[in-house]
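Worksheet for the structure shown next.
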Amino acid sequence: MSGLSRIGVAIDTGLLEKFDRLISERGYTNRSEAFRDLIRDDLVRKDAESPDSQVIGTVTLVYDHHVRLLQEKLTAIQHDHHHSILSTLHVHLDHDNCLEVLVVRGRSEEVRRVAAVLISTKGVKHGRLVITTTGAGFK
Ligand code: NI
7 MSGLSRIGVA IDTGLLEKFD RLISERGYTN RSEAFRDLIR DDLVRKDAES PDSQVIGTVT
67 LVYDHHVRLL QEKLTAIQHD HHHSILSTLH VHLDHDNCLE VLVVRGRSEE VRRVAAVLIS
127 TKGVKHGRLV ITTTGAGFK
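Counting from 7, one number per residue, gives the positions in the sequence shown under the numbering used here.
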């Protein structure tokens with residue numbers, strides 16, 4: 007059963023001031039939504055810890071497409087895991103560098119494995135997996 011509950015939180019004044027500055031910089035207009043987002047973020051993270059949980063997310067990669075066979079390797083890995091990759095976006099950043107964003111979905115363990123293989127491929131300058139939620143079950 008879902009409803010709205012009110013809670014009181016005792017918090018150190020200095021810590022609360024820092025929190026208020028932080029959330030203001032992030033564009034929050036009230037503490038409640040900031041608290042809710044912190045809680046949701048932790049719940050998403052906890053849920054994704056289970057290898058069998060279904061997750062959705064993005065893998066961001068930056069690489070130099072001149073590195074020998076790198077683009078071919080990254081494409082081959084993506085084809086090997088095509089069930090986990092819903093879509094890709096490729097941006098030519100400059101003469102050398104490419105940015106790729108992959109939307110991934112599937113078992114947490116599988117999504118993490120694909121991301122780890124892509125990010126650890128030699129020549130990838132930076133990579134990051136961000137797991138989020140499909141939104142189902144979240145208010
Ligand atoms: Ni490119």
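From the three backbone atoms N, C-alpha and C, an ideal C-beta is built for every residue, glycine too.
Check	Outcome
Is any non-hydrogen atom of the ligand NI found closer than 8 Å to the C-beta of Leu99, if you look at the structure I gave you?	yes
Comparing C-alpha positions only, which one of Gly129, Val109, Glu116, Arg12 sits nearest to Leu95?	Val109
Within 10 Å of its beta-carbon, does Val118 have 16 or more other beta-carbons around it, so buried, or fewer, so exposed?	For clarity, residue 118 is Arg in the given sequence; the question names Val instead. Per the 10 Å Cβ criterion, buried.
State the Cα-Cα distance for the pair Leu80 and Ser114, rounded to the nearest angstrom.	20 Å
Are the CB atoms of Tyr69 and Gly129 nearer to each other than 9 Å?	yes
Quick one: is the Cβ of His96 within less than 8 Å of any heavy atom of the ligand NI?	yes
Figure out for me which residue from Gly133, Ser93, Lys24, Ile83 has the closest Cα to the Cα of Leu67.	Gly133
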